[in-house]
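Student: Position one of the sequence shown corresponds to residue 1 (UniProt numbering), numbered consecutively onward. From the three backbone atoms N, C-alpha and C, an ideal C-beta is built for every residue, glycine too.
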Amino acid sequence: MNFDWPFFWKSLLTPSAPFLDGLVLTVVISVVAMVLATATGLVVALMRRSALAPLRWVAGVYIWSIRGTPLLVQLVLIYTGLAAVGLYQFRDVAILGLSVKAAVQAAVIGLMVNESAYIAEIIRAGLDSVPKGQFEAAASLGMKPVKLMRWVIVPQALRVMVPPLGNSFNGLMKTTSVLSVIGVSEMFLVTQAISSATFHTFEIFIVAAIYYLALTTVWTFIQAGIENRLARQLGIEQRVPISRRLLGARRTSDASPQPAGVS
1 MNFDWPFFWK SLLTPSAPFL DGLVLTVVIS VVAMVLATAT GLVVALMRRS ALAPLRWVAG
61 VYIWSIRGTP LLVQLVLIYT GLAAVGLYQF RDVAILGLSV KAAVQAAVIG LMVNESAYIA
121 EIIRAGLDSV PKGQFEAAAS LGMKPVKLMR WVIVPQALRV MVPPLGNSFN GLMKTTSVLS
181 VIGVSEMFLV TQAISSATFH TFEIFIVAAI YYLALTTVWT FIQAGIENRL ARQLGIEQRV
241 PISRRLLGAR RTSDASPQPA GVS
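#1: Return yes when the Cβ of THR217 is within less than 9 Å of the Cβ of ILE29, no when it is not.
#2: What residues in its chain sit with their C-beta under 6 Å from that of ALA37, if we drop five residues either side in the sequence?
#3: Go ahead and pull the three-state DSSP assignment for ALA197.
#4: Give me, in chain order, the residues of the same chain whose beta-carbon lies closer than 6 Å to that of VAL190; leave out the 5 immediate sequence neighbours on both sides.
#5: Please go through the region 30 to 92 and give each complete alpha helix (DSSP H) segment of 4 or more residues, from N-terminal end onward.
#6: Following the continuous alpha helix (DSSP H) through SER99, name the residue where it begins and the one where it ends.
#7: Are the beta-carbon atoms of GLY110 and LEU172 separated by less than 9 Å?
#8: Apart from the five residues just before and just after THR252, which ones in its own chain have a Cβ nearer than 8 Å to its Cβ?
#9: May I ask which residues mark the beginning and end of the alpha helix (DSSP H) holding PHE7?
#10: When the Cα atoms are used, what is the spatial distance from TYR88 to PRO54?
#11: For GLY166, I'd like the list of residues in its chain whose CB is within less than 6 Å of its CB, leaving aside the five on either flank, ordered along the chain.
#12: Using the Cβ count rule (16 or more neighbours within 10 Å means buried), how would you classify ALA39?
#13: Considering only their Cβ atoms, is the gap separating GLU203 from SER11 smaller than 9 Å?
#14: Return the chain-ordered list of same chain residues with a C-beta closer than 8 Å to the C-beta of MET47, the five sequence neighbours on each side being excluded.
#15: Would you kindly report the start and end of the unbroken alpha helix (DSSP H) that includes PRO163?
#16: Can you tell me where the alpha helix (DSSP H) holding GLU186 begins and where it ends?
#17: CA-CA distance, LEU75 and ILE182?
#18: Quick check: the region 146 to 159 against the region 199 to 215, are at least 3 beta-carbon pairs closer than 8 Å?
#19: Measure the beta-carbon distance from VAL160 to GLY133 and round it to whole angstroms, keeping in mind my assumption that it falls under 8 Å.
#20: What are the boundary residues of the alpha helix (DSSP H) that includes LEU148?
#21: Under 9 Å between the Cβ atoms of residue 270 and ALA45?
#22: In three-state DSSP terms, what is ALA17?
#23: Pop quiz: VAL162 and ILE226 are said to be a contact at Cβ under 8 Å. What is the actual Cβ separation, rounded to whole angstroms?
#24: State buried or exposed for PRO259, treating a residue as buried only when at least 16 other CB atoms are found within 10 Å of its CB.
#25: Going by other Cβ atoms of all chains shown within 10 Å of its Cβ, with 16 needed for buried, is LEU179 buried or exposed?
#26: Tell me which residue opens and which closes the alpha helix (DSSP H) that SER180 is part of.
#27: Are any of the Cβ atoms in chain C nearer than 9 Å to that of ALA53?
#28: In angstroms with no decimal places, state the Cα-to-Cα distance between LEU82 and LEU98.
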């Protein structure tokens, strides 16, 4: 079978409307799911750090069960399992004048649930990285818990949390490809449909791979900018050029990051 270069270049440079719709849906689902997962993960992380044993136990079971089962199984259970046992059935709804299909709602919830278990551990690790003396000093000044977290703990914990959170979002965009199993018309499902209709399987899947790579590369640049800005605010000299972030190269002469002015 010969590689159809005209079809490849046409699909790459002037993709069809369904392909672009799938691309947009992939990004939208990823962003919404990540925002919800971060909020949920924060709650679970705080429960894990709670002084109340029942809250710690519930959070621990949640993280253990979600991280220990495949996303694919979770999606099917959420989309069809809840309806099968009569708990909840997803239906098409209108949000801000836009029709949101039932499968898309289930996809966002499924990704949120799955990702929140991992994000909870990222946030917990970030909060644990702040020395206990910071908590004690702020408490001695009479700061309320909300202000303590907002002005003292979170700014320091972000240095630890931002890189893995960014990597989680990067992975989440690629993970959306499994949503085709519940009928979400994201980029992967549209690619499968084009492949079946045109019999140009190899060409169209290479195009899809390039677009996935483009999405993750753009986010890598955005993430690098966020990390650089945070590093400057904390007085830390930036240490990883974007080229090495993308390609993974590392010079043996590289030193560990040090706060500005520290030798």
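Tutor: Once the coordinates are examined:
#1: Translated into the one-based positions of the sequence shown, residue 29 becomes position 29. Translated into the one-based positions of the sequence shown, residue 217 becomes position 217. No.
#2: As a first step, residue 37 must be located in the sequence shown, where it is residue number 37. Apart from sequence neighbours up to five positions away, the residues of its chain that approach ALA37 with a beta-carbon distance below 6 Å are MET112, GLU115, SER116 and ILE119, ordered along the chain.
#3: As a first step, residue 197 is located in the sequence shown; it is residue number 197 there, counting from the start. Helix.
#4: Along the sequence shown, read from residue 1 onward, the residue named residue 190 stands at position 190. Cβ within range, chain order: PRO18, PHE19 and GLY22.
#5: The qualifying runs are 53 to 67 and 71 to 76.
#6: Translated into positions along the sequence shown, residue 99 becomes position 99. Unbroken run through SER99 is the beta strand (DSSP E), 98 to 100; no alpha helix (DSSP H).
#7: Counted from its first residue, the sequence shown places residue 110 at position 110. Counted from its first residue, the sequence shown places residue 172 at position 172. With contacts defined as CB atoms closer than 9 Å, GLY110 and LEU172 fail to qualify as a contacting pair.
#8: For this step, residue 252 is matched to residue 252 along the sequence shown. With a pLDDT of only 47 at THR252, under the threshold of 50, the placement of this residue in the model should not be trusted, and no figure is reported.
#9: Numbered from 1 along the sequence shown, position 7 holds the residue referred to as residue 7. Where PHE7 is concerned, the enclosing alpha helix (DSSP H) stretches over 5 to 13.
#10: Locating residue 88 in the sequence shown gives position 88, counting from the first residue. Locating residue 54 in the sequence shown gives position 54, counting from the first residue. In this structure, the CA atom of TYR88 is about 27 Å from the CA atom of PRO54.
#11: Against the sequence shown, residue 166 aligns to sequence position 166. Closer than 6 Å at Cβ, skipping near neighbours: GLN223.
#12: Residue 39 sits at position 39 when you count from the first residue of the sequence shown. Looking at its Cβ environment, which holds fewer than 16 other Cβ atoms inside 10 Å, ALA39 is exposed.
#13: What you label residue 11 is simply residue 11 of the sequence shown in a count that begins at 1. What you label residue 203 is simply residue 203 of the sequence shown in a count that begins at 1. SER11 places its beta carbon less than 9 Å from that of GLU203.
#14: Within the sequence shown, numbered from 1, the residue matching residue 47 stands at position 47. Residues LEU55, ARG56, VAL58 and ALA59 of the same chain have their beta carbon placed closer than 8 Å to that of MET47, with the five preceding and five following residues left out of the count.
#15: As a first step, residue 163 must be located in the sequence shown, where it is residue number 163. Counting along the chain, the unbroken alpha helix (DSSP H) around PRO163 starts and ends at 154 to 175.
#16: Position 186 of the sequence shown holds residue 186. Looking at the DSSP string, GLU186 is not in any alpha helix (DSSP H), and its letter there is neither H nor E.
#17: For this step, residue 75 is matched to residue 75 along the sequence shown. For this step, residue 182 is matched to residue 182 along the sequence shown. Those two C-alpha atoms are separated by around 7 Å.
#18: The answer is no - the region 146 to 159 does not touch the region 199 to 215, with fewer than three Cβ pairs under 8 Å.
#19: The residue you call residue 160 lines up with position 160 of the sequence shown. The residue you call residue 133 lines up with position 133 of the sequence shown. So it is not a contact: roughly 17 Å between Cβ atoms.
#20: Translated into positions along the sequence shown, residue 148 becomes position 148. Element bounds for LEU148: 145 to 148.
#21: This structure cannot settle anything about residue 270, because the visible part of the chain is limited to 1 through 263.
#22: Looking up residue 17 in the sequence shown gives position 17. ALA17 sits in a helix when the DSSP states are folded into three classes.
#23: On the sequence shown, residue 162 is found 162 positions in, with the first residue counted as 1. On the sequence shown, residue 226 is found 226 positions in, with the first residue counted as 1. Sure, about 6 Å apart at Cβ, within 8 Å.
#24: By 1-based counting over the sequence shown, the position of residue 259 is 259. At PRO259, the pLDDT of 46 sits below 50, so the modelled position is not reliable; the number obtained from the coordinates is stated separately. With fewer than 16 neighbouring CB atoms inside 10 Å of its own CB, PRO259 falls in the exposed class.
#25: Working through the sequence shown from its first residue, we reach residue 179 at position 179. LEU179 comes out buried.
#26: Looking up residue 180 in the sequence shown gives position 180. Element bounds for SER180: n/a, residue is neither H nor E.
#27: Among the chains in the structure shown there is no chain C, since it carries only a single protein chain.
#28: Counting from 1 along the sequence shown, the entry for residue 82 is found at position 82. Counting from 1 along the sequence shown, the entry for residue 98 is found at position 98. Straight-line Cα distance between these residues: approximately 25 Å.
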